[in-house]
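Enquirer: Numbering (the working numbering), first residue to last: 335 to 1033.
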Amino acid sequence: MGSQNNFAQSTLSLPDVSSRIPGISARDQQSETIIPDPETPATDPDSRMFWWRDARFGMFIHWGLYAVPAGEWNGKTGYGEWIRTSAEIPLEVYDQFRPKFNPVRFDADSWVKMARDAGMKYIVITTKHHDGFCMFDTKQTDFNIMTTPFKRDPMKELAASCKKYGLKLCFYHSIMDWHHPDYLPRREWEKNRSTHGADFRLYVDYMKAQLKELLTNYGEIGVLWFDGEWENTWNEKYGKEIYHYVKSIQPDILVNNRVGAGRLDMEGLTKEGAFGGDFGTPEQQIPATGLPGVDWETCMTMNDHWGYNKADKNFKSTKEMIRMLADIASKGGNYLLNVGPTSEGLFPQESIDRLSAIGRWMRVNGESIYRTSASPFKQTPWGRCTRAMTSSGTILYLHVFDWPASGKLQIPGVLNTPDKAYLLSDPSGAALKIERQNDALVIFLPRQAPDSINSVIAVHLKGKLDQTDPPEFANELNIFVDSLRVSLFSERDNVQIRYDIGKSEPSQSSELYTKPILLKSTTILSARCFRDGKPVSGTITTEFKKVEPLKAFNISPVSGVAAGILYKYYEGAWDSLPDFNNLKPIAEGVVPDFVFTPRRQDDNFCFKYDGYVRIPESSVYTFSTSSDDGSRLWIDDQPIVNNDGLHGLGEKSGNIALEKGYHKICVAYFERTGSDNLLIFVKSQSHPKQVLPKEWLGH
Ligand code: FHN
335 MGSQNNFAQS TLSLPDVSSR IPGISARDQQ SETIIPDPET PATDPDSRMF WWRDARFGMF
395 IHWGLYAVPA GEWNGKTGYG EWIRTSAEIP LEVYDQFRPK FNPVRFDADS WVKMARDAGM
455 KYIVITTKHH DGFCMFDTKQ TDFNIMTTPF KRDPMKELAA SCKKYGLKLC FYHSIMDWHH
515 PDYLPRREWE KNRSTHGADF RLYVDYMKAQ LKELLTNYGE IGVLWFDGEW ENTWNEKYGK
575 EIYHYVKSIQ PDILVNNRVG AGRLDMEGLT KEGAFGGDFG TPEQQIPATG LPGVDWETCM
635 TMNDHWGYNK ADKNFKSTKE MIRMLADIAS KGGNYLLNVG PTSEGLFPQE SIDRLSAIGR
695 WMRVNGESIY RTSASPFKQT PWGRCTRAMT SSGTILYLHV FDWPASGKLQ IPGVLNTPDK
755 AYLLSDPSGA ALKIERQNDA LVIFLPRQAP DSINSVIAVH LKGKLDQTDP PEFANELNIF
815 VDSLRVSLFS ERDNVQIRYD IGKSEPSQSS ELYTKPILLK STTILSARCF RDGKPVSGTI
875 TTEFKKVEPL KAFNISPVSG VAAGILYKYY EGAWDSLPDF NNLKPIAEGV VPDFVFTPRR
935 QDDNFCFKYD GYVRIPESSV YTFSTSSDDG SRLWIDDQPI VNNDGLHGLG EKSGNIALEK
995 GYHKICVAYF ERTGSDNLLI FVKSQSHPKQ VLPKEWLGH
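#1: Let me make sure I understand the geometry here. Which of 1010, 727 and 468 has the alpha-carbon closest to that of residue 513?
#2: May I ask you to report which of helix, strand or coil DSSP gives residue 634?
#3: Return the residue from the list 854, 924 and 869 that minimises the CA-CA distance to residue 903.
#4: Going by DSSP, name the residue or residues bridged to residue 719.
#5: So is residue 352 buried or exposed if we call it buried at 16+ other beta carbons inside 10 Å?
#6: My understanding is that residue 789 touches residue 757, with C-beta atoms under 8 Å, so please give their C-beta distance in whole angstroms.
#7: Does the beta-carbon distance from residue 397 to residue 850 come in below 7 Å?
#8: Please report how far the alpha carbon of residue 982 lies from the alpha carbon of residue 685, in whole angstroms.
#9: Report the three-state DSSP secondary structure of residue 1011 (helix, strand or coil).
#10: Could you name each continuous beta strand (DSSP E) segment of 3 residues or more that falls completely within the region 388–452, going from the start of the chain to the end?
#11: Can you name, in chain order, every residue of its own chain whose Cβ lies under 8 Å from the Cβ of residue 931, other than the five neighbours on each side?
#12: Does DSSP put residue 548 in a helix, in a strand, or in coil?
#13: Thinking just about the alpha-carbon of each residue, which of 970, 613 and 798 is nearest to the one in residue 628?
#14: On the three-state DSSP scale, how would you describe residue 491?
#15: Taking the Cβ atom as the reference point for each residue, do residue 501 and residue 450 lie within a distance shorter than 7 Å?
#16: Identify whether residue 564 lies in helix, strand or coil by the three-state DSSP scheme.
#17: How far does the beta strand (DSSP E) with residue 683 in it reach, from first residue to last?
#18: Along the chain, where does the beta strand (DSSP E) containing residue 1036 start, and where does it finish?
#19: Are the beta-carbon atoms belonging to residue 663 and residue 751 less than 7 Å from one another?
#20: Got a sec, what are the start and stop residues for the alpha helix (DSSP H) residue 656 sits in?
#21: Given the structure, does residue 415 come close to the ligand FHN, in the sense that its CB is under 6 Å from one of the ligand's heavy atoms?
#22: For residue 897 and residue 997, I'd like the C-alpha separation in whole angstroms.
#23: Going by other Cβ atoms of all chains shown within 10 Å of its Cβ, with 16 needed for buried, is residue 808 buried or exposed?
#24: Could you tell me the alpha carbon to alpha carbon distance between residue 844 and residue 859, rounded to whole angstroms?
#25: Is DSSP giving residue 553 helix, strand or coil here?
#26: Candidates 407, 901, 971 and 918: which alpha carbon is nearest residue 884's?
#27: Buried or exposed for residue 589, please, with buried defined as at least 16 other CB atoms from any protein chain shown within 10 angstroms of its CB.
#28: Considering only heavy atoms of the ligand FHN, does any lie closer than 6 Å to the CB of residue 1050?
#29: CB residue 818 to CB residue 878, shorter than 7 Å?
#30: Any idea which residues DSSP pairs residue 863 with across the strands?
#31: Closest by CA to residue 848, which one among 856, 828, 825 and 821?
#32: Are there any heavy atoms of the ligand FHN lying less than 6 Å away from the beta-carbon of residue 468, as far as the coordinates show?
#33: Considering only their Cβ atoms, is the gap separating residue 421 from residue 413 smaller than 7 Å?
#34: Can the beta-carbon of residue 479 be found less than 7 Å from the beta-carbon of residue 395?
#35: Answer yes or no: the CB of residue 640 versus the heavy atoms of the ligand FHN, is any distance below 6 Å?
#36: Looking only at its own chain, which residues have a Cβ that is under 8 Å from the Cβ of residue 1019, when we skip the five neighbours before and after it?
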């Protein structure tokens, strides 16, 4: 069924620019060849990245000694690859897993074929996770798989299988190492494990010796996927040393941003100005939008654990994962989907079943994933879009999740002449009827969706894509007090913006946008782009709502409020903000603003601040907290910001309309361990974002 791109033949040849075989089916192969999409120029002129960008889809494998306990310890079953430290298992006890680790049912060919048949083009496998156990034949330590009853090197066998079946073999290697005597810091519970004589430089040299083994003994390696870089002993200097070292051995190797020290937590992208290797690594999440000019790969588990957990049956559905793959590809990213094999060397059956189902979809629709670039559209309410450039024009791949009951799919803002459209699932390639309605292409579809998860329509357009999104409102908020100036803009040049009040689609006779629109009451605005008197985009429609501000507290100008804010200080180890009603403060008093003084310890503490904020004018205010760890903010006892939980430095915000005058403010913050930060920001309709001035605070 469908255009049978049978993976058995489709090995991943390393396409150079000229011969990059398009992500299009054999049906069209002879007629068109792909060219790099000039609209999404390579961020990296280095062609090292091309195979990786073309691949779009890979398999992550977390396999190690932790597969022996399979997530269980002392009757608890919620562990994964972190079990040694999460369950506080001493080294010598953990080492007892070694003689039990004998994955005799491991078959590299079987694993690689399952990855290939799922449509995956590369495999990233753990050569060493944080526990320090090495899954390869290393001479640097005996804490490795060769000293188990297995006595085989699975990396060697996987290298041979990947070569045989045309997948790239890539290595995950943890910087953090809970076993090596020179790695610091120790786990906080390992009180009796001396740090005496530990020399981190020697640990870095140990890492380099193992990386040399990994990049010398297993053939060409596609990616070195570092991890565990967040502890304060690692830094950018080491990261750059390792990056250049590995590239001195295999110049074409790719290295992720976790080699450095600039990763933005689980969001996975690289802080501005920090060293970020070759690509970003969002974890268990997908960026909200495409990131033009940024290479990134989302890594994700199929259930809730990276390493094998025999009790964890919470697997994502095939539908979720196919749609995630389309979502990620439509944003220009790669999808690294994880499998946690058992201690016998088998993939969990739930993983096998899902890989097989994903493979069935990929065999029909893979060309809409491979070698594609991000959607040109900001909104595709019916699903997702990927695209490819060909020598004769552009192919849009429309991933339709929600099949239109009308039988018509409207694609606004595309001015190219359509050449043809067809369903990838239709082996005959029968053309679908296309009509133009102003700026929109309307594609007529069969009544029934061919695929309930994701039906892909290929739309071939003549020439370079000429597509215009609807104009955008520059205002971040669509609520206001008193009045609001609404600004419109379009990223396209040579277009005019016209707008109407109400929900109707603007026409050539609608108001021409030349300056911000002043609103004094709740108003619906609709706007559209025009060129040479004709609409060239779809329409954006937004309601701007006038709201009543919360009344200020009636505080006498005589008594007024004293400067500063009340604080209460607590101690305890929390993973989220505690219920303060059940706590007795260790200290309390007045502080000038949200400072962590006085406190008795650097970790495991909490502050609660209460007082008034003097609002300078009636407006809609956006309050934000930027904190590590969790924080929340209330105004007049209304919850405005929820930035709670254990996390690195992160910012959340919320909005509220306030009358000029005094309003109650409450901020709560907790720190577990590591770095601690709390900043409160405020902005209004007329004032840009600023740290909440202490002069506004009172009690
Ligand atoms: O701590 C690891 C975790 O065990 C797993 O390897 C993931 C996969 O990227 N990375 C770290 C958590 O961010």
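For each residue, glycine too, the CB sits at the ideal point set by N, CA and C.
Expert: Taking the geometry as given:
#1: 468
#2: strand
#3: 924
#4: 732
#5: Residue confidence for residue 352 is low, a pLDDT of 31 falling below 50, so the modelled location carries little weight; the figure read from the coordinates is stated next. Residue 352 comes out exposed.
#6: 7 Å
#7: no
#8: 31 Å
#9: strand
#10: 391–395
#11: 925
#12: helix
#13: 613
#14: helix
#15: yes
#16: coil
#17: It is not in any beta strand (DSSP E) - residue 683 instead sits in the alpha helix (DSSP H) that spans 683–699.
#18: Given a span of 335 to 1033 for the chain in the structure shown, any question on residue 1036 remains unanswerable.
#19: no
#20: 652–664
#21: yes
#22: 14 Å
#23: exposed
#24: 12 Å
#25: coil
#26: 971
#27: buried
#28: Lying before the first or after the last residue shown, residue 1050 is absent from the chain, which here runs from 335 to 1033.
#29: yes
#30: 831
#31: 821
#32: no
#33: yes
#34: no
#35: yes
#36: 811, 814, 815, 818, 953 and 954
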